[in-house]
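K.L.:
Before we start, here is the structure in question, set down as structure tokens.
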Amino acid sequence: MIDPTVATAPPTKARRRKVTRESTLQALPWLAPALLLIGGVVVYPAGYMFYTSFRDISRFGTDLGWAGWDNYGKVFALGHLPRVFLNTGVWVVGVVLVSVLVSLVLAQFLNKTFPGRTVVRLAVIVPWAASVVMTSTIFVYGLDPFYGVINQFLVDTGVMAQPYGFLKNPVSGFLSSAAVAVFVSVPFTTFVILAGLQTVPGDVLEAAQIDGATKPQTYWRVVFPMLRPALAVAALINVINVFNSLPILRTMTGAIPGYDADTTTTLTFKIIQGDRQIDTASALSVINFLVVLIVIAFYLRIVRPMREV
Amino acid sequence: MRRVIKAAAIATAATLGLVACGGGSDSGAGGNTELELMVPSYGDKTKPYWEDLVKAFEAKNPTIKVKLEVQSWDDIYKVLDTKIQGQKAPDILELDSAGPAYGKEGLLFKADEIVSPGTLADVVPAFVESAAIDGTAYGVPTVASTRALFYNKELFTKAGIAAPPKTWDELLDSAKKISALGGGVSGYGMPLGNEEAQGETSIWAYGAGASWGDGSKITVNTPEATEALTFMKKMIDEKATQADPGATNRTPLINVFIQGKIGMITGLPPVVGQIKEKNPSLQWAIAPSPTKDGKPATLGVADYFVGFKKDGKKQEAIRKFLDFFYEKDNYVKFNDNEGFIPATKSGGEAAAAKPELKEFIAALPGAKFYPSTNPAWSTASGAFKQLVGQIQTKPAADVLKEIQAKVDAGG
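Here it is, written out as structure tokens:
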């Protein structure tokens, strides 16, 4: 008996295209909720932000019409913009770099078997599970010069002669916020790297050992390269997260006058809240959005983290 | 048989008629109206108060539903601007004098359109006028407050100060004496963080005779204001204040005063209740705000109800709700809750009997309000919040210039 599938003529291009279209249509009902969600929570707001950045919106929120590039002009006319961009750079690079370094060490440690490992792993993940505003607020109280326990501790142990307003001066406030940002980024990063470590096959390590590689050699020549995909994911998500992080800086340095402790994200917020210029804030958000896109594009291009090992 | 059919027909018709009537009153002109009410939160008691009031109102007016939204002072402006931009303004809004300023954009009912004449006649006229735009009042005042100097009697005794200071020089002198006591105690609490910096600055500037301009132009960069800010800087430089006033917010600082670690602080009526609740053993008293030469002057603040016009259909319902709010019992309860000075004559009589409000009511004649019917004031206020704390490190004149530039740019 002749196999019917062999007997049929090979599908033509048109037919294949039809099949593709058909299967796409068939899949649509299942994809629709996801597409709607993406449209509703990503595309629409982003589009609206873009639209708003070209409108002239009054202090009271009334739309007064087309504004052209005026809002962008206003953003670039801000005298404190260079400092804010510098802060943003320091903030993103610093926090991500330190987070990844700390996480590499921590993941290595958590990858070893030792009694109570589960408990330690749980403890590490707690800062991530807690709300960022909550964590920041705890530090705000802890660092308060009047009743903060951290200040009190530093004075009692003789490290400082008197309480210091850590969150009341731009540089120390910015650094304290960065420390908290690292603190809340480390759990996620650690677990991504830990997941990466666990994909390193035992026989590869064994082979390295048999070949007489020292511990550091094994790590840098064998384990680390295999961590590349995990590191790539961890770093990328961190860059996006840290770049857009508002709550930490807003909670911890929000009271500092001037703009010396601001990143572009908190500046956007101040323009909305303080100056009540929704249009200018939208323009800055669009710029923010472009910057993060460019940063990621460069990262993917230069570091090529997804390259096959 | 025929009669039966006839009876049945009549019954049916009657039922249909009734049903039609019922339908009519549900969806027709005299039917259900939904009012959106947006109010700021003054404290823990605000939300329960409004929930109770809405319930009582709905029970009396079954055809009107009130949707309550309580927002924090931090967020309310932003939420509101977003809502207005999206054509979703609330029907009734309570806000500081930024509320009536929306009248400038033609968004509001006039004051006499949203309350009955009887209610309006009961409100102290000066308050209604304080937020009028070009002679037209858009807001109906809800509460008023003035500021006064709270001082810690125990610290005064320890530092050997006999009476609360009346002038700036006395204030500086007393504050330095208290700061010198040591032990983490500060003389004067000066909150210039972004929470309420415009308030503290205004008290000082008004105390030097400055004003922030009028309905047509906001001018912050005046010689009087420069003098006031320069003196504030002197207070900071001579360590008469707590450390880092530039980044200290008001609410936490008031708490430090309540803990007894600050000699003097400028406070508003609700602080009285807070002290009673949190630290009843604190030895404290209230005095008028010190000014440059001792002449009485301080900051007055009033909050207002405004009604957004939108399609204009809900005017009657808005009037009913606001009249209900101003009914004496409801209104007195509102003020008792929050500890403010009532803005109505009838409420004022009730408040005058309370000793803790005496200083604040006495300060009313000398109180100056923000020029907030000028839309540019909101920019100025925001600029003060963000920038004025810089006097800690920069010359006062430069900071004022920076704020003025922001006001002019936001124009």
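Going line by line, the protein sequences match chains A and B.
In terms of the UniProt record's numbering, the first sequence opens at residue 1 and continues consecutively.
In terms of the UniProt record's numbering, the second sequence opens at residue 1 and continues consecutively.
Note that the Cβ used here is the ideal one computed from N, Cα and C, for glycine as well.
(1) So, is the C-beta of D81 of chain B closer than 8 Å to a C-beta in chain A?
(2) Count the other C-beta atoms from every protein chain shown that fall within 10 angstroms of the C-beta of E327 of chain B, then say buried if there are 16 or more, exposed otherwise.
(3) Provide the residue span of the beta strand (DSSP E) that contains S34 of chain B, from first to last.
(4) From I256 of chain A to L268 of chain B, what distance separates their C-alpha atoms?
(5) Run through chain B and tell me which residues come within less than 7 Å of P145 of chain A, C-beta to C-beta.
(6) What in chain A is Cβ-close to A383 of chain B, meaning under 9 Å?
(7) In the DSSP assignment, the beta strand (DSSP E) including residue 429 of chain B goes from what residue to what residue?
(8) Using the three-state DSSP reduction, which class does S186 of chain B fall into: helix, strand or coil?
(9) For V399 of chain B, which of helix, strand or coil comes out of DSSP?
(10) Which same chain residues end up closer than 8 Å to K333 of chain B when comparing Cβ atoms and leaving out the 5 residues on each side of it in sequence?
(11) Which runs of the beta strand (DSSP E) fall wholly inside the segment 326-398 of chain B and span at least 3 residues, in chain order?
(12) Figure out for me which residue from B:P395, B:G410 and B:P371 has the closest Cα to the Cα of D96 of chain B.
(13) Between the segment 161-178 of chain A and the segment 278-285 of chain B, can you find at least three pairs of beta-carbon atoms closer than 8 Å?
(14) Applying the 10 Å Cβ sphere with the 16-neighbour rule, what's the burial state of T42 of chain B?
(15) Using beta carbons (cut-off 8 Å, strictly below), is F54 of chain A in contact with chain B?
(16) Write down every uninterrupted run of the alpha helix (DSSP H) in the segment 50-86 of chain A whose length is 4 residues or greater and which is fully enclosed by it, in chain order.
(17) Shorter than 8 Å from the beta carbon of E69 of chain B to some beta carbon of chain A?
(18) Any heavy atom of the ligand COA within a distance shorter than 7 Å of the CB on N337 of chain B?
(19) Let me confirm a value: F114 of chain A is counted as buried when at least 16 other C-beta atoms fall within 10 Å, else exposed. Which label applies?
(20) Quick one, are the C-beta atoms of D262 of chain A and V84 of chain A less than 8 Å apart?
(21) Output needed in chain order: residues of the segment 248-266 of chain A with a Cβ under 7 Å from some Cβ in chain B.
(22) Going by the CB atoms, is the gap between T265 of chain A and L246 of chain A shorter than 8 Å?
(23) Run through DSSP, which three-state label would P141 of chain B get?
(24) Using a Cβ cut-off of 8 Å, which residues of the segment 247-261 of chain B contact any Cβ in chain A, in chain order?
(25) State the CB to CB distance for the pair L171 of chain B and Y151 of chain B, rounded to an integer number of angstroms; the pair is presumed to be in contact (CB under 8 Å).
(26) Using a beta-carbon distance cut-off of less than 9 Å, what residues from the segment 58-76 of chain A approach chain B?
(27) On a Cα-Cα basis, can you pick out the residue from B:A89, B:Q242 and B:F127 that is closest to K310 of chain B?
(28) Kindly indicate which three-state DSSP category I287 of chain A falls into: helix, strand or coil?
(29) Using a 10 Å radius around the Cβ and a threshold of 16 neighbouring Cβ atoms, would you call Y48 of chain A buried or exposed?
(30) I need the boundaries of the alpha helix (DSSP H) containing M232 of chain B, first residue and last residue.
(31) Can you find a CB in chain A that lies within less than 8 Å of the CB of I84 of chain B?
(32) By how many angstroms is the C-alpha of T189 of chain A removed from the C-alpha of G116 of chain A?
(33) Alpha carbon to alpha carbon, how far is P229 of chain A from G212 of chain A? Give it in angstroms, no decimals.
(34) Write down the C-beta distance between residue 312 of chain A and T379 of chain B rounded to the nearest angstrom, noting that I regard them as a contact closer than 8 Å.
(35) Quick one: is G165 of chain A near chain B, going by C-beta distance under 8 Å?
(36) Checking contacts by CB at 8 Å: is N244 of chain A closer than that to chain B?
P.N.:
Concretely, from the data shown:
(1) Yes, D81 of chain B lies at the interface with chain A (some Cβ there is under 8 Å from its Cβ).
(2) Within 10 angstroms of the beta-carbon of E327 of chain B lie fewer than 16 other beta-carbons, which makes it exposed.
(3) The sequence as given places Glu at residue 34 of chain B; Ser does not occur at that position. For E34 of chain B, the enclosing beta strand (DSSP E) starts and ends at T33 to P40.
(4) I256 of chain A and L268 of chain B: Cα-Cα distance of roughly 23 Å.
(5) Taking the beta carbon of P145 of chain A as reference, the chain B residues within 7 Å of it are A243, listed in sequence order.
(6) Correct list: G274 and D275.
(7) No information on residue 429 of chain B is available, as it lies outside the stretch 1 to 411 that chain B covers here.
(8) Here S186 of chain B sits in strand by DSSP.
(9) Helix at V399 of chain B.
(10) Excluding sequence neighbours, K333 of chain B sits near Y49.
(11) You should have 367-369.
(12) Checking every option, the nearest Cα to that of D96 of chain B belongs to B:P371.
(13) Too few Cβ pairs lie closer than 8 Å, so no.
(14) Here residue 42 of chain B turns out to be Tyr, not Thr, going by the sequence shown. Buried.
(15) Residue-level contact check: F54 of chain A does not touch chain B, since none of the beta carbons of chain B fall below 8 Å from its beta carbon.
(16) Qualifying alpha helix (DSSP H) stretches, in chain order: 70-77.
(17) Residue-level contact by beta carbon fails for E69 of chain B and chain A, as no gap is shorter than 8 Å.
(18) As for the ligand COA, it is missing from this structure, which has no ligand bound.
(19) Residue environment analysis places F114 of chain A among the exposed positions, since fewer than 16 neighbouring C-beta atoms fall within 10 angstroms of its C-beta.
(20) It is a contact, given that the beta carbons lie within the stated cut-off.
(21) Flagged, chain order: G254, A255, I256, P257 and G258.
(22) Taking 8 Å as the cut-off, the beta carbon of L246 of chain A is found closer than this to the beta carbon of T265 of chain A.
(23) Here P141 of chain B sits in strand by DSSP.
(24) For the segment 247-261 of chain B, which is checked against every Cβ of chain A, the residues closer than 8 Å are A247, T248, N249, P252, V256, Q259 and K261.
(25) With 8 Å as the limit, L171 of chain B and Y151 of chain B do not qualify as a contact, their Cβ atoms being about 10 Å apart.
(26) Residues S58, R59, F60, G61, T62, D63 and K74.
(27) Of B:A89, B:Q242 and B:F127, the smallest CA-CA separation from K310 of chain B is found for B:A89.
(28) If DSSP states are grouped into helix, strand and coil, I287 of chain A belongs with the helices.
(29) By the neighbour-count criterion, in which a residue is buried when 16 or more other Cβ atoms sit within 10 angstroms of its Cβ, Y48 of chain A is exposed.
(30) Its alpha helix (DSSP H) spans residues P223 to D237.
(31) Chain A, which has a Cβ nearer than 8 Å to the Cβ of I84 of chain B, makes this yes.
(32) Rounded to the nearest angstrom, the two C-alpha atoms are 21 Å apart.
(33) When rounded, the distance between both Cα atoms is 27 Å.
(34) In the structure displayed, chain A extends from 1 to 309; residue 312 of chain A sits before or after that span and is not available.
(35) Using a CB distance cut-off of 8 Å, G165 of chain A counts as an interface residue toward chain B.
(36) Taking Cβ atoms only, chain B never reaches closer than 8 Å to N244 of chain A, which makes this a no.
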